[in-house]
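What follows is the structure, given as structure tokens:
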């Protein structure tokens, strides 16, 4: 899927050879056209103005990151830190402007300076420290993410209103992130094709030793290359935070892989020496079209990852076949008239795409007639049994009521959830149910749905600063207080305990931690010797608890913010669990209830997630039918112990 300008190879004449060359030279563009046509044929909701603009917005952050990564990959390097640097830059901007009153203009400069500084550190470690790029940028990935969490204290920071406009639209229809993407793409193309440093990138990537012997100051050029990558990462972070109206310490997690994928799909070689900004843009659009279209087709998020992985593998395979076929990429701008020929190719591709897509649109006339019986459910994650149960309850109720329910998995990524909510809005579903990754980050997307007269039901967690038809939830703070009371009473009001916290930055983790704190105030004899996050994950719960036991072998109790972490802690405690050490979990998952029944888990604060899903769908239908819906629908939590677990259904 290469977009490089390729030289004619001997023997490739005639119409067949011309077609073959066209496909080889524009593989990524051809793939994008095929994808657009296929999605248009499969989904009547894909080919709408709103949805196509959504695709542009959803590609913007990845594309801007990928433009910076293009510089690095062209020079035969790699940058794994761009996602974390983006989050850190946005956090610096929000922290300085909101918490410390620094003028917004200076705060923006500080954010950009943060990106440059991170890039310079990467470049110094690689050029002068002789560290492999993979290792140096992997270290920066961890450092930048950690600093983002330290500065924000694990909580989102509101973004300045003047900068948040970057997430808005011009004239009520043209998204600003798309304009930023275009501008940064033009800058990247200019740097690669028209500047000394751009030519240096190709020279270093082609043969670093030859570049050095020819007089090129390779070390200084690498500093500049990684600094440029940092600048683009900072811009991407600001755009992402603007869309979410807050700087999220966990934002852009894993985006470095999407950025690298976009560059590779766009035709760049990981061996260095080839790559173009236009190809990177096409690669980012391919990823955005895939995710958008697969969401509209109700394809599982797990399968989406499989599909994207296959696309990346095919991109590299295509590049290998191209090279074996004798097509060799020429230097940027080397062939006379190459840019005009490329522009003509893009124009022809656009005409062909519009013609074919226009024809396929007739297949979907009237496809939205039953939109009022369609609903979308965006869950924060499906890697947790609690949310799997919410989905099960929602799907059972939807089937009972004859509702077409589309379920998506945000994978604890607030930006990905914003994309999913935008897709639901543009596809014209009758109602949206959202379990927010973060209560602040979901507000803009919920406002857009409200503007489109689509009722939104929040489940388990509320949405701040936005109107929802109802909130169906248990009280996380009250549940945390019950958990604290349970462990304290079990220990007789005295003893050392540890607390395993949820994923930093999520509202559920904050609210449950607040509940634990409130509940323990009534028991001064309980000493909290350690509080550590284990990210709602069983494996991390095991590792963190194992570490804490080395420092605190005399601990008598554990409170975990969910059952998964509690089960990990039980594994670390071994024979102590349920005997000398009491463990209390949260959620009432099937595995958690089995552990309660077996005695290794003393109690679980059960939220009845299946009921949450069922009631959310029921309230969404009421809102659609114009019936009055209570603003807050509370599903009571219940402390489940060995004495009452047999009668608890969840």
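Numbering (the working numbering), first residue to last: 11 to 660. All residues carry an ideal CB built from backbone N, CA and C; glycine is no exception.
So, at 6 Å on beta carbons, what are the nonlocal neighbours of residue 495 in its own chain, with the 5 sequence-adjacent residues on each side left out? On the chain shown, residue 495 is found 485 positions in, with the first residue counted as 1. Listed in chain order, the non-local C-beta contacts of residue 495 below 6 Å within the same chain comprise 529, local neighbours out to five positions each way being set aside.
Residue from 197, 547, 500 with nearest C-alpha to residue 536: Mapped onto the chain shown, residue 536 falls at position 526. Considering only 197, 547, 500, the residue with the shortest C-alpha distance to residue 536 is 500.
Specify the secondary structure class of residue 533 as computed by DSSP and reduced to three states. Mapped onto the chain shown, residue 533 falls at position 523. Reduced to three states, the DSSP call for residue 533 is coil.
Going by DSSP in three states, residue 212 sits in which element: helix, strand or coil? Locating residue 212 in the chain shown gives position 202, where the first residue counts as 1. It is helical.
In chain order, which continuous runs of the alpha helix (DSSP H) of length 4 or greater are located wholly inside the region 521–606? Taking only runs of at least 4 residues, the alpha helix (DSSP H) segments lying wholly in the region 521–606 are 548–561, 573–583.
Please return the same chain residues whose Cβ sits closer than 8 Å to the Cβ of residue 139, not counting the five positions on each side in sequence. The sequence position of residue 139 within the chain shown is 129, counting from 1. Once the five neighbours on either side are set aside, the close Cβ partners of residue 139 are 146.
The alpha helix (DSSP H) spanning residue 140 covers which residue range? Reading the chain shown from its first residue, position 130 is the one you call residue 140. No alpha helix (DSSP H) contains residue 140, which DSSP labels as neither H nor E.
Measure from the alpha carbon of residue 282 to the alpha carbon of each residue in 86, 51, 194, 508, then state which is nearest. Your numbering for residue 282 matches position 272 in the chain shown. Considering only alpha carbons, the answer is 86.
Rounded C-alpha distance that separates residue 505 from residue 490: Along the chain shown, read from residue 1 onward, the residue named residue 505 stands at position 495. Along the chain shown, read from residue 1 onward, the residue named residue 490 stands at position 480. Approximately 19 Å between the Cα atoms of the pair.
Is the separation between the beta-carbon of residue 624 and that of residue 404 shorter than 8 Å? Working through the chain shown from its first residue, we reach residue 624 at position 614. Working through the chain shown from its first residue, we reach residue 404 at position 394. Annotated as proximal: residue 624 and residue 404, with beta-carbon spacing under 8 Å.
Check the C-beta distance from residue 492 over to residue 649 and give it rounded, since I have them as a contact under 8 Å. As a first step, residue 492 must be located in the chain shown, where it is residue number 482. As a first step, residue 649 must be located in the chain shown, where it is residue number 639. Between residue 649 and residue 492 the Cβ distance is about 5 Å, and since that is below 8 Å, they are a contact.
Tell me the DSSP secondary structure of residue 197 in three-state form. Residue mapping note: residue 197 aligns to position 187 of the chain shown, counting from 1. DSSP, reduced to helix, strand and coil, places residue 197 within a helical segment of the structure shown.
Nearest-angstrom Cα distance between residue 636 and residue 398? Locating residue 636 in the chain shown gives position 626, where the first residue counts as 1. Locating residue 398 in the chain shown gives position 388, where the first residue counts as 1. Taking the straight line from one Cα to the other gives about 29 Å.
If I follow the unbroken beta strand (DSSP E) through residue 416, where does it start and stop? Against the chain shown, residue 416 aligns to sequence position 406. Per DSSP, the unbroken beta strand (DSSP E) holding residue 416 starts and ends at 414–419.
Find the nearest neighbour of residue 516 within the set 460, 424, 199, judged by alpha-carbon distance. Position 506 of the chain shown, counting from 1, holds the residue named residue 516. Distance check between residue 516 and each of 460, 424, 199 places 424 closest, using alpha-carbon atoms only.
So, under 8 Å CB-CB, residue 57 and residue 50 are touching, yes? Tell me the CB distance rounded to an integer number of Å. Residue mapping note: residue 57 aligns to position 47 of the chain shown, counting from 1. Residue mapping note: residue 50 aligns to position 40 of the chain shown, counting from 1. Distance from residue 57 to residue 50 at the Cβ level is roughly 5 Å; contact confirmed, criterion being Cβ atoms closer than 8 Å.
Quick check: the Cα distance between residue 144 and residue 150, rounded to an integer number of angstroms? Position 134 of the chain shown, counting from 1, holds the residue named residue 144. Position 140 of the chain shown, counting from 1, holds the residue named residue 150. Approximately 10 Å, taken between the alpha carbons.
May I ask you to report which of helix, strand or coil DSSP gives residue 614? Taking the first residue of the chain shown as 1, we reach residue 614 at position 604. Under the three-state reduction of DSSP output, residue 614 falls in the strand class.
Ends of the alpha helix (DSSP H) at residue 290? As a first step, residue 290 is located in the chain shown; it is residue number 280 there, counting from the start. Judged by DSSP secondary structure, residue 290 falls within the alpha helix (DSSP H) whose first and last residues are 287–306.
Close beta carbons around residue 543, own chain, < 6 Å, minus the five adjacent residues each side: The residue labelled residue 543 in the question sits at position 533 within the chain shown. Excluding positions up to five away in sequence, the list reads 511, 514.
Can you check which of these residues, 296, 294, 273, is closest to residue 285 by C-alpha distance? As a working mapping, residue 285 is identified with position 275 in the chain shown. Out of 296, 294, 273, 273 has the C-alpha closest to the C-alpha of residue 285.
Kindly indicate if chain D contains any beta-carbon less than 8 Å away from that of residue 477. Annotation note: the requested chain D is absent from the structure, which comprises a single protein chain.
Whose CA, out of 439, 634, 101, 521, lies closest to the CA of residue 487? If you number the chain shown from 1, residue 487 lands on position 477. Looking at the Cα atoms, 521 is the closest of the given residues.
Could you please give me the residues that DSSP links to residue 384 through a beta bridge? Here the question's residue 384 lines up with position 374 in the chain shown. Looking at the DSSP output, residue 384 shares a beta bridge with 414.
Please state whether the Cβ-Cβ distance between residue 46 and residue 299 is less than 8 Å. Within the chain shown, numbered from 1, the residue matching residue 46 stands at position 36. Within the chain shown, numbered from 1, the residue matching residue 299 stands at position 289. Yes, these two residues count as a Cβ contact at 8 Å.
Outcome for residue 532 when other beta-carbon atoms lying within 10 angstroms are tallied against a minimum of 16: For the purposes of this step, residue 532 is identified with residue 522 of the chain shown, where counting begins at 1. So residue 532 counts as exposed.
Boundaries of the alpha helix (DSSP H) in which residue 66 is found, first to last residue: Counting from one through the chain shown, the residue named residue 66 turns up at place 56. Here the alpha helix (DSSP H) through residue 66 covers 59–84.
DSSP puts residue 468 in a beta bridge; with which residues? For the purposes of this step, residue 468 is taken as the residue at position 458 of the chain shown. When beta bridges are read from the DSSP output, residue 468 appears opposite 444, 481.
If you reduce the DSSP assignment to three classes, tell me which class residue 323 lands in. Counted from its first residue, the chain shown places residue 323 at position 313. In the structure shown, the three-state DSSP call for residue 323 is helix.
Beta-bridge pairing of residue 457 - partner residues as DSSP gives them: Mapped onto the chain shown, residue 457 falls at position 447. Answer by DSSP bridge pairing: none, since residue 457 is not bridged.
Using only the alpha-carbon positions, how far apart do residue 113 and residue 563 sit? In the chain shown, the residue the question calls residue 113 occupies position 103. In the chain shown, the residue the question calls residue 563 occupies position 553. When only Cα atoms are considered, residue 113 and residue 563 end up about 49 Å apart.
For residue 187, is the classification buried or exposed, using 16 other Cβ atoms within 10 angstroms of its Cβ as the cut-off for buried? Here the question's residue 187 lines up with position 177 in the chain shown. With a 10 Å radius around the Cβ and a threshold of 16 neighbouring Cβ atoms, residue 187 comes out buried.
So, helix, strand or coil for residue 391, using DSSP? Residue numbering aside, residue 391 sits at position 381 when the chain shown is read from its first letter. Coil, per DSSP.
Would you mind reading off the limits of the beta strand (DSSP E) that contains residue 644? Within the chain shown, the letter at position 634 stands for residue 644. Per DSSP, residue 644 is one residue of the beta strand (DSSP E) stretching across 642–644.
If you measure between the beta carbons of residue 237 and residue 103, is that distance less than 8 Å? As a first step, residue 237 must be located in the chain shown, where it is residue number 227. As a first step, residue 103 must be located in the chain shown, where it is residue number 93. Result no, Cβ atoms of residue 237 and residue 103 do not sit closer than 8 Å.
For residue 465 and residue 626, believed in contact at Cβ under 8 Å, the rounded distance: Counting from 1 along the chain shown, the entry for residue 626 is found at position 616. Counting from 1 along the chain shown, the entry for residue 465 is found at position 455. The Cβ separation is near 12 Å, so there is no contact.
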